[in-house]
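Structure record follows, encoded as structure tokens.
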Amino acid sequence: MADASSTWRSGAASSSSAIPNNASSGSNWGRGSSTASSQNAKKKGGASRTRGGGKANSAISSSEPAPAPSSSSTSNFRSGAPAKSTKFLPTQPLPYHSLQNIKDYYHGLLDSGLVKKAWLDNPKNPIQNYVLHRTGTYPVYTVEEGQVEGRRDTNFRCTLHFDPEHDWHVYGDAKTAKDAERVAALHAVLFLQNSGDILTKTPTASAPAPLVPQQQGPIAKLSDGTELTVQRAREFIDFYCKRFNLGKPDIRQSAGKQGKPKRGSSKASSAASQPHASMYIAGNEIGAAVGKNKKEAVANCYLESVSYIESTDPSLWKTFSLLHKPGMSINKAPHVTFSMSDELDDSVQNIYNTMIRSKIYAKRPRTIGVATVGEDPNAASNDANDQLAKQRQMRQQRARRFNQQFGATEDSLQRKSEQLEHSLANYYSDDAMASMRNQRLNLPVSQKQSDVLVKIELNQVTICMAATGSGKTTQIPQILFDDYILQGKGANCNIVCTQPRRIAAISVAERVAKERGEKLGQTVGYQVRFEAKPPQPNGSITFCTTGVFLRRLQSALGDAESSNTFLDSITHVVIDEVHERDVETDLLLVVIKRLLAERRRRGKKEIKVVLMSATINPTLFQNYFADPLGNPAPVVEIPGRSYPVEKHYLEETVRNLEALRLTPQMGGWVWGEKNVRDYIEREIYQRGGSVSRNNNNNGGGARGGYGHPGNGAIAAAGANEPVDPMADQVDDLEIPYPLVALIIAYVLSISDDGHVLVFLPGWDEIKAVNLLLTDTQYHPLLRTDFNDRDQYEIHILHSTVPVQDQQAVFEPVRLKGLRRIILATNIAETSITIPDVVYVVDTGRVKEKRFDPERHLSSLVSAWVGTSNLNQRAGRAGRHRAGEYFGVLSKARYDRLKVNQTVEMKRTDLSNVVMHIKALDIPGMEVEDVLASAIEPPAPERVLAAMEKLKMVGALDMHKNLTSLGRVLLQLPVDAPMGKMCLYGAFFRCLDPVLSLAAILTSRDPFMAPMHLREEAEMVKDRWCPPDFRSDALCILRAYTRWWELQSRGDFVAANRFCQENFLSKLTLLQIQQVKEHLFQSMEKADIISVIQSSSLASNGTGNTYSRYRRPRETDAEFNANSEVTSLLAALVAVSAPPNFAIRSGKASYRTSQDKSCLMHPSSICHTKFTKHKPWDAANMGEKEIFAFSEKIRNASGSAGNNASTMLRGCTRLDPLTFMLFGATEVRVLGEGVECDFWLPITGNIESLDNLEKLRDR
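Under the UniProt record's numbering, the first residue of the sequence shown carries the number 1, and numbering increases by one thereafter.
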């Protein structure tokens, strides 16, 4: 237990009952109570009052003051009554905790931003929520009038006990009782935030609810006469084990002898024939008892154990009675009633008994100092040492293999350098490559070649600002490589060039190989996730995604031998498109900076780093990579070779389209679409939302007014109101798809050649525009027939489209005069150049992941890009000749945009980043230190939320270290919860469907619902739902499995017909299959599959008899013995869900741990529209249902605004048993049952719940 003197900075301390006898007194600052105050109160007495912090009078009666732990004497100073004047007031000990003193003490915390302004304005609100969450009761403020030692004025001191489990309490001093309560509340707020940002992580609590009555069981009497019930005994044992860090209690049962006792047998032998239960805590038997049946034996065992502990330490029971009111805190959400048959209860108990005798259990991680009787206390550490030795041996083997593959002697390097020099000479003399050489020489970067080489040679880090069209991406790696070759050191040059996207890495590698007259895999190669074509070792250029390079660094830094080999072989790291600032790039910059410093310290060979971008902020990066003397990193500026691009904004484009006076048959129907009208209203009339359209009598709803920005409507909105720049980043107003389609048709109609590149935020927007373009019958657009394959080709560039389909856009057109319309996300913004693009149509939006750490709400939002991104997009039109840019945004909107988007590290879930940092294991730096050293660090609460999530999954332990599970999960290319589900799927022998589920849950919904066939599509989707479990994921799984049966056997006609009949997207299904295959390959590389095979062989002696002759497959029978068990699949969905669980709280409303009210998304198969007509629906029977969900979204578009509802998507219904065993992260014992994750109470048969709680926590 901590020494009392060590708490002087905390603002609170334990009460006298919790301080051990040998504790030193130390300073009293911030404790809120002391021995002196207690003694003074006893001597002098004084006026005091006690108030409940809640609004309900039933919580704490103001006329019945609660006892203050630090004072035994209080008078009847009632709430609201004036203080009774007295000549002699009690003396209150120092320190004096006035408002100013408390603010001065916590000034660093107040400046950090961890304390919300709302908490400072009204500190009672967060404290009331915290106390309700922790205890289920309102906070109690005890006010005492007196005089502070050394002062003569009257003082009111308010003491606040706000956490009985830790016995945290503080006090505040003020001139009035009301102000003293407020100061005490503020003191508690600052203490909690100073102790680890606790208030931020506290979910919203509900008001106390009536307790569910339980059937009276056996009762025992303690030494002080207290009647002890079984429920109260369970609460005390839980309190006892947590207080002294003793782990969970272990109750062992025996059935007793069967049959009647013999005549004349003693009572002892009669008792021996009854069921027997013994309680072990930390390996020691505390109590034992018998009963008529097993349940009664367990109940009596609890009573006997508590009686024994109370008899040895009565003060401990008194502390428990004071701090833990009966049955408190089981009122966070509506109760779920759980029942289990006796047969199942016996099975659970038998499984538990078998488990604790197993070798796996003996080797489990355990609480320090806790051991089971008969176990070797050193067994676990010995096994851990053996495991570490094996890991070291494996790393050494990998390093030796790497050396054999890539290691080379000086002679071999010299021969390879000569070969490279000879090949380069042939390249320059080859007439067939003359045209390609001239193209390269004409690029602006070639003219700056000497400047680039000198700067890189003289500096460790160089920043290259190269404008669009300069050729930086393809030429700078070649310039560096060729320079080494010409020096006769080509074999010593190995360049790694990172790209933010797969398509960029692959296409750039292919282009560079083509420019060098080679095939991929010679001196130029690529490596992206799940696909690689690496170059030959010793003299190479490797293009890879940022994530792949981070993983390679992760394995190298974790192994000294491999690190020396891999990192010493690299001469240059080129980080392209560094301005995009995705979270992996920012993390890579941190790692590279640290790596360079570490290699410099150890005297290792210098690695040159080149940062490249067209729109970089050089000052930010120059200062971040300053040299050891503080000199900023140098910059090389390279002009672009682009043609002029004429820009047209929405005002001009709409005016030109209006002038055409289009009939509905020509495209005039577009102006009648609501999303078009709303969008034009906001962008043109309201100047991008910067002004309100007040006193406007000209525009009204007249269609003809939209095209004239100079009319009275715009003139009336002359005064621009200041707006918050961050409020403009996310835009929930729907993109006007018909207008975008009309602009595309308009661009084609006013030109004769040149392709059109269209930037859209995401897949749904691409699909919507594509549908409008091809639906020429119902949505005509200037008589343009986009279905005419001899005139037009529509291409899609999106990360989910297969690579070979994306590459088609770079190939020459089939016919002369054929024009392409490329619908793309920001994947086409940088790095890649699509031939013959002359026109760009830009919505100005991008899909961004946003994560709210307080609500665990992760969403994909449509946000405006920065002006630098818009200029990049416009530049795509001027790569080959003069082009034109059509922005689907107003000029006023453009003028208000920020230069850059919000940095990804400041807006996304950092769980995967934290995992990578832990794996990198940077010496002397914790996760918080690494992220704090980022070029633009994330907010501390985001880092905290990520670490809490990983602890919940089991990837991090309580000391923030990677667990064994975490190390395995790092090797899987999905986030930690999904990887855990895949791992469990392998262990439970249902690998194939679980890999499919993982791919389904990380992809979009393949079920489509066309507007005119929505009802029919919903009926079809409902038919695929399993009858026993309502689940979106399992519904998709059944449809996908049936489609794959047809697709895998080559019956493509039937597979395509199946997709059409069932409203399924074939493209999405193919993507699911691809992700599934990659997941299985990753599990193979992580040796998970071989472990499962070995265990199968050991358990039944058979195993896979053909594994020697072919690789295992995910569909092999040995991995799928339980693949048809729907309840198990639903349970494994729950494994991937924490903390995303909800309980039905009303007919159509749901509650989560963070939200009091949510709705089911209409697309979910669990929505009431799918279930209300079914007789077995739980809602019709009044049952409380539990659901796992994949995401929460807010539909804030249109008129909903800030009042929009939170909706749950990707839902799976769970029964309480499944939820407790597979979904809940923590289950704690309470009087009426158990509470899951501190918010969801489950009541029912206490013995059954006890057995389940023991089973899951072992």
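Ideal Cβ placement from N, Cα and C applies to all residues, glycine included.
This structure is a prediction, so every number in the text was calculated from the model and none was measured.
Leaving aside the five residues that flank PHE786 on each side, the residues in its chain whose CB is nearer than 6 Å to its CB run, in chain order, LEU773, THR774, TYR792. With a cutoff of 8 Å on beta-carbon distance, GLU149 and LEU94 are scored as near each other. For GLU734, there is no enclosing alpha helix (DSSP H), as DSSP marks it with neither H nor E. Inter-segment contact for the region 619–630 and the region 469–479 is absent: fewer than three beta-carbon pairs are separated by less than 8 Å. Straight across, the Cα-Cα distance linking GLN274 with LYS292 is about 6 Å. In summary, PRO1006 is buried, with 16 or more beta-carbon neighbours lying within 10 Å of its beta-carbon over all protein chains present. Apart from the 5 residues on each side of it in sequence, GLN449 sits with its Cβ closer than 7 Å to the Cβ of ILE479 in its chain, given in chain order. Apart from sequence neighbours up to five positions away, the residues of its chain that approach GLY667 with a beta-carbon distance below 7 Å are LEU742, ALA745, PRO780, LEU781, LEU782, ordered along the chain. Here the C-alpha atom of LYS533 lies approximately 20 Å from the C-alpha atom of LEU567.
If you draw a straight line from the Cα of TYR427 to the Cα of ILE463, it comes to about 30 Å. Annotated as distal: PHE1189 and ASP1022, with beta-carbon spacing of 8 Å or more.
The residue from PHE1029, VAL994, THR963, LEU114 with its alpha-carbon nearest to that of THR1041 is VAL994. Every alpha helix (DSSP H) of 4 residues or more that sits fully in the region 583–631 is shown, in chain order, as 583–601, 618–624.
Shown here, CYS464 sits in a strand according to DSSP, grouped into three states.
Exclusion of the five residues before and after ALA1009 leaves ALA1017 as the residues of its chain whose Cβ lies within less than 6 Å of its Cβ. Residue burial is scored here from C-beta neighbours: HIS1167 has at least 16 other C-beta atoms within 10 angstroms and is therefore classed as buried. Runs of the beta strand (DSSP E) spanning 3 or more residues and lying entirely within the region 1129–1153 occur at 1141–1144, 1149–1152, in chain order. Under the three-state reduction of DSSP output, LEU132 falls in the helix class.
By the neighbour-count criterion, in which 16 or more other beta carbons inside 10 Å mark a residue as buried, ILE351 falls on the exposed side. Going by beta carbons, VAL336 and ILE1143 fall inside the 8 Å limit.
Taking all protein chains in view, the Cβ of PHE1052 is surrounded by fewer than 16 other Cβ atoms within 10 Å, so the residue is classified as exposed.
Going by C-alpha positions, SER996 is about 27 Å away from THR825. Pairwise C-beta distances place the region 1208–1224 in contact with the region 1121–1134, as three or more of them are shorter than 8 Å. DSSP, read as helix, strand or coil, puts SER862 in strand.
If the five residues before and after ASP842 are omitted, its C-beta is found closer than 6 Å to the C-beta atoms of PHE759, ARG873, GLY887, all from its own chain and listed in chain order.
According to the DSSP assignment, ASP678 belongs to the alpha helix (DSSP H) that extends over 674–680.
Between the region 1229–1239 and the region 223–239 there are three or more inter-stretch CB-CB distances shorter than 8 Å, so the stretches are counted as touching. Exclusion of the five residues before and after LYS1076 leaves LEU995, SER996, ALA999 as the residues of its chain whose Cβ lies within less than 7 Å of its Cβ. One Cα belongs to TYR302, the other to PRO249, and the distance between them is close to 10 Å.
The DSSP-derived three-state label of TYR138 is coil. Taking the Cα of GLY762 as reference, the smallest distance to any Cα among HIS755, ASN770, VAL756 is reached at ASN770. Per the Cβ contact rule, the region 643–660 is in contact with the region 670–684 (3 or more Cβ pairs under 8 Å).
Taking C-beta atoms as the reference points, CYS497 and PHE481 fail to come closer than 8 Å.
From the listed residues ASP163, ARG152, GLY924, LYS116, the smallest Cα separation to LEU132 is found for ASP163. Here GLN554 carries a helix assignment [DSSP, helix/strand/coil]. In this structure, ALA174 lies near VAL183, with their beta-carbon atoms less than 8 Å apart.
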